[in-house]
Structure formats: C-alpha cells, structure tokens
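Peer 1:
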Amino acid sequence: MTKKRILLVEDDHLLRMGLKSMIDLHGEYVIDDDVANGKDALRSFKMKKQDVILLDLRLPDIPGTEVLQRIRQIEPSVKVIVLTASDDNDFIFEALEHGANAYVLKGANPDELFLAVHYALEGGLFISPHLAKVIVRDYLLVNRQRKALPPMKNLTAREKEIVRHIIDGWKSKEIAESLFISIKTVDKHRSNILGKLGINSSNQLRHGSLFLPED
Numbered sequence: 059m060t061k062k063r064i065l066l067v068e069d070d071h072l073l074r075m076g077l078k079s080m081i082d083l084h085g086e087y088v089i090d091d092d093v094a095n096g097k098d099a100l101r102s103f104k105m106k107k108q109d110v111i112l113l114d115l116r117l118p119d120i121p122g123t124e125v126l127q128r129i130r131q132i133e134p135s136v137k138v139i140v141l142t143a144s145d146d147n148d149f150i151f152e153a154l155e156h157g158a159n160a161y162v163l164k165g166a167n168p169d170e171l172f173l174a175v176h177y178a179l180e181g182g183l184f185i186s187p188h189l190a191k192v193i194v195r196d197y198l199l200v201n202r203q204r205k206a207l208p209p210m211k212n213l214t215a216r217e218k219e220i221v222r223h224i225i226d227g228w229k230s231k232e233i234a235e236s237l238f239i240s241i242k243t244v245d246k247h248r249s250n251i252l253g254k255l256g257i258n259s260s261n262q263l264r265h266g267s268l269f270l271p272e273d
C-alpha cells in the first residue's frame with residue numbers, strides 16, 4: 059500500500075526533526091518534505107500536492123491560518139492537521155473555520171497525533187480530548203449565562219435591534235449613526251433594555267446573551 063505523504067510545517071528545528079523521525083518510524087506515513095515557514099510550505103505544496111499537512115499556526119513569516127486558507131484554495135480536499143501550543147478557543151475556532159481537519163496540541167501523546175491523521179484521512183474531525191473538554195466547558199458556561207437572562211419578548215423591535223449591536227460591541231455613537239438617531243435616544247433605549255431585562259450593565263448583556271431571537 060502506498061504511504062500517505064506528509065508536508066511538515068514547523069519553525070522549531072528540533073521539534074521538526076523529532077516529529078519527522080517519529081512519523082518515519084511509525085511506518086504508515088512518510089514525511090515528503092519538512093519546512094520552517096509559510097512561504098516554503100506553499101511552494102512545496104504547489105509542486106508536490108502532499109496528502110496531509112501538519113501545520114504549526116505560529117510561523118515566522120505568514121500566520122498559519124493564512125497558510126491554511128491559501129492551501130485550501132490550491133487543493134480543497136487536502137487534509138490539514140493543526141499542530142500548535144495554543145489552547146485558546148479563538149485559535150481553535152479560527153483554524154476550524156478555515157478548514158482544519160484536526161487540532162492537536164504540541165506535547166500530546168504521539169498516538170493522539172496519529173489518531174488525528176487517521177481521522178482526517180477518513181473524512182472526520184479530530185480535536186485533542188483536552189481541548190474538547192475546555193470547549194464543552196466554556197459552551198456550557200455561556201449557555202447557563204444565556205438562560206439566566208429574562209426572555210427578550212418584552213423588548214420592542216428597535217430595542218432588539220440595539221441589543222444586537224450591543225452584543226457585537228458597538229458604542230452608543232456607532233449605534234446612533236447606524237440607526238440615524240441621537241446618542242441620547244440610544245442611551246435611553248439602553249436604560250429601558252436593562253430595566254426590562256433586570257440586569258445592571260451592557261457588559262453583562264454582551265457576555266450573557268449570545269443567541270438573540272430574530273423575531
């Protein structure tokens with residue numbers, strides 16, 4: 059059986075050599091090329107079209123997410139495993155939004171990395187168990203905060219519109235300009251909204267209500 063070819067993109071030389079040795083010894087895959095930056099990664103992939111890419115998100119020249127996007131433009135079906143030290147939810151979601159097939163933390167058990175490659179090649183999605191636990195925990199926290207807020211049905215259509223802008227982080231001046239009303243009117247609406255919802259600040263609203271009904 060032909061071994062799946064991997065492009066390894068990692069700027070840390072020692073880690074790159076360690077990963078290369080580990081993968082080659084595994085026997086099921088082969089490192090077709092290993093590079094230290096985004097430009098070389100794109101150049102290599104354009105020429106060789108490897109089956110799998112192990113991609114570090116923090117590269118010295120081009121952000122890993124941009125490399126991921128550009129690789130997807132070249133070949134949408136290639137499997138990309140993000141290998142990074144970051145366990146920040148924003149990084150995880152950004153990588154997944156740009157088409158990553160797996161997200162694995164550096165320092166994870168080697169079996170976890172090979173499992174991620176296997177899942178990706180089979181068309182699945184893999185996230186390190188530690189990260190999956192954090193994502194679920196944060197989702198449950200936000201969901202509890204959302205459910206703790208009173209229902210939005212008592213708000214007027216204009217108040218719901220302003221709530222959506224508040225959740226998006228808009229300032230009173232920006233809201234006023236968008237809706238062609240005065241800042242004083244926006245602030246009056248803010249006060250009415252907080253009163254109806256029984257909360258103390260717009261910040262509390264922004265962090266507690268992430269799913270506002272459309273009607």
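This note's numbering applies: residue 59 is where the sequence shown begins, and numbers increase by one.
Beta carbons: idealized from backbone N, C-alpha and C, even for Gly.
Take the Cβ of histidine 247 as the centre, count every other Cβ of all protein chains shown within 10 Å, and call the residue buried at 16 or more, exposed below.
Peer 2: Counted from its first residue, the sequence shown places residue 247 at position 189. Under this definition histidine 247 is a buried residue.
Peer 1: Considering only C-alpha positions, which residue in the set Ile233, Ile111 and Arg130 is nearest to alanine 174?
Peer 2: Within the sequence shown, numbered from 1, the residue matching residue 174 stands at position 116. Comparing Cα-Cα distances from alanine 174 to each of Ile233, Ile111 and Arg130, the minimum goes to Ile111.
Peer 1: For isoleucine 15, which residues of its own chain have a beta-carbon under 8 Å away from its beta-carbon, when the five flanking residues on both sides are left out?
Peer 2: As displayed, the chain neither begins before 59 nor continues past 273, which places residue 15 out of reach and without an answer.
Peer 1: Pull up the distance between the alpha-carbon of lysine 218 and that of glycine 253, whole angstroms please.
Peer 2: Residue numbering aside, residue 218 sits at position 160 when the sequence shown is read from its first letter. Residue numbering aside, residue 253 sits at position 195 when the sequence shown is read from its first letter. Spanning the two alpha carbons is a distance of roughly 14 Å.
Peer 1: What first and last residue would you give for the beta strand (DSSP E) that runs through isoleucine 239?
Peer 2: In the sequence shown, counting from the first residue as 1, residue 239 sits at position 181. Neither: isoleucine 239 is in no beta strand (DSSP E) and is coded neither H nor E.
Peer 1: CB-CB under 7 Å to lysine 231, same chain, minus the five flanking residues each way: which ones, in chain order?
Peer 2: Here residue 231 corresponds to residue number 173 of the sequence shown, with the count starting at 1. So the qualifying residues of the chain are Ile241.
Peer 1: List the residues that DSSP assigns as beta-bridge partners of leucine 173.
Peer 2: Residue 173 sits at position 115 when you count from the first residue of the sequence shown. In DSSP, leucine 173 forms no bridge with anything.
Peer 1: Please classify aspartate 226: does DSSP put it in a helix, a strand, or coil?
Peer 2: As a first step, residue 226 must be located in the sequence shown, where it is residue number 168. Here aspartate 226 sits in coil by DSSP.
Peer 1: Using the C-alpha atoms, what's the distance from leucine 183 back to glycine 165?
Peer 2: Indexing the sequence shown from 1 puts residue 165 at position 107. Indexing the sequence shown from 1 puts residue 183 at position 125. Their backbone Cα atoms lie some 20 Å apart in a straight line.
Peer 1: Verify whether the separation of the beta carbon atoms of isoleucine 89 and aspartate 98 is less than 8 Å.
Peer 2: Stepping through the sequence shown from its first residue, residue 89 is reached at position 31. Stepping through the sequence shown from its first residue, residue 98 is reached at position 40. Against a cut-off of 8 Å, the Cβ pair of aspartate 98 and isoleucine 89 comes out as no contact.
Peer 1: Please identify the residue among Arg63, Val93, Lys211 and Glu86 whose C-alpha is closest to the C-alpha of histidine 71.
Peer 2: Walking along the sequence shown from the start, residue 71 turns up at place 13. Checking every option, the nearest Cα to that of histidine 71 belongs to Val93.
Peer 1: Report buried or exposed for alanine 153, applying the criterion of at least 16 other Cβ atoms within 10 angstroms of its Cβ.
Peer 2: Numbered from its first residue, the sequence shown carries residue 153 at position 95. Under this definition alanine 153 is a buried residue.
Peer 1: Among Ser144, Arg63, Ile139 and Lys107, which one has its Cα closest to the Cα of glutamate 133?
Peer 2: In the sequence shown, the residue the question calls residue 133 occupies position 75. Ranking the options by Cα distance to glutamate 133, first place goes to Lys107.
Peer 1: What does a CB cutoff of less than 8 Å around leucine 189 pick up in its chain, not counting 5 residues either side in sequence?
Peer 2: On the sequence shown, position 131 is the one that residue 189 refers to. For leucine 189, where only same-chain residues beyond five positions count, the Cβ hits under 8 Å are Asp145, Ile150, Tyr161 and Leu163.
Peer 1: Skipping 5 residues on each side, what residues in its chain have a beta carbon closer than 6 Å to that of glutamate 124?
Peer 2: Sequence index remark: in the sequence shown, residue 124 carries index 66 (1-based). Nothing meets the Cβ criterion.
Peer 1: So what's alanine 160 in DSSP terms, helix, strand or just coil?
Peer 2: Working through the sequence shown from its first residue, we reach residue 160 at position 102. The answer is strand: DSSP assigns alanine 160 an E or B state.
Peer 1: Here's a check: name, in chain order, each residue in its chain whose Cβ is nearer than 8 Å to the Cβ of leucine 179, leaving out the five neighbours to either side.
Peer 2: Start at 1 with the first residue of the sequence shown, and residue 179 comes out as number 121. Closer than 8 Å at Cβ, skipping near neighbours: Lys62, Asp109, Val110 and Lys137.
Peer 1: In the DSSP output, what is isoleucine 64 paired with across the bridge?
Peer 2: Residue mapping note: residue 64 aligns to position 6 of the sequence shown, counting from 1. DSSP output for isoleucine 64 lists Ile89 and Val110 as bridge partner(s).
Peer 1: Look at alanine 158 and leucine 117 and say whether their C-beta atoms are less than 8 Å apart.
Peer 2: Your numbering for residue 158 matches position 100 in the sequence shown. Your numbering for residue 117 matches position 59 in the sequence shown. No, these two residues do not count as a Cβ contact at 8 Å.
Peer 1: Does chain D have any CB closer than 8 Å to the CB of valine 162?
Peer 2: The displayed structure is made up of one protein chain only, and chain D is not part of it.
Peer 1: Whose CA, out of Ser259, Leu66, Ile64 and Leu77, lies closest to the CA of asparagine 167?
Peer 2: Along the sequence shown, read from residue 1 onward, the residue named residue 167 stands at position 109. If we check each option's Cα against that of asparagine 167, Leu77 comes out closest.
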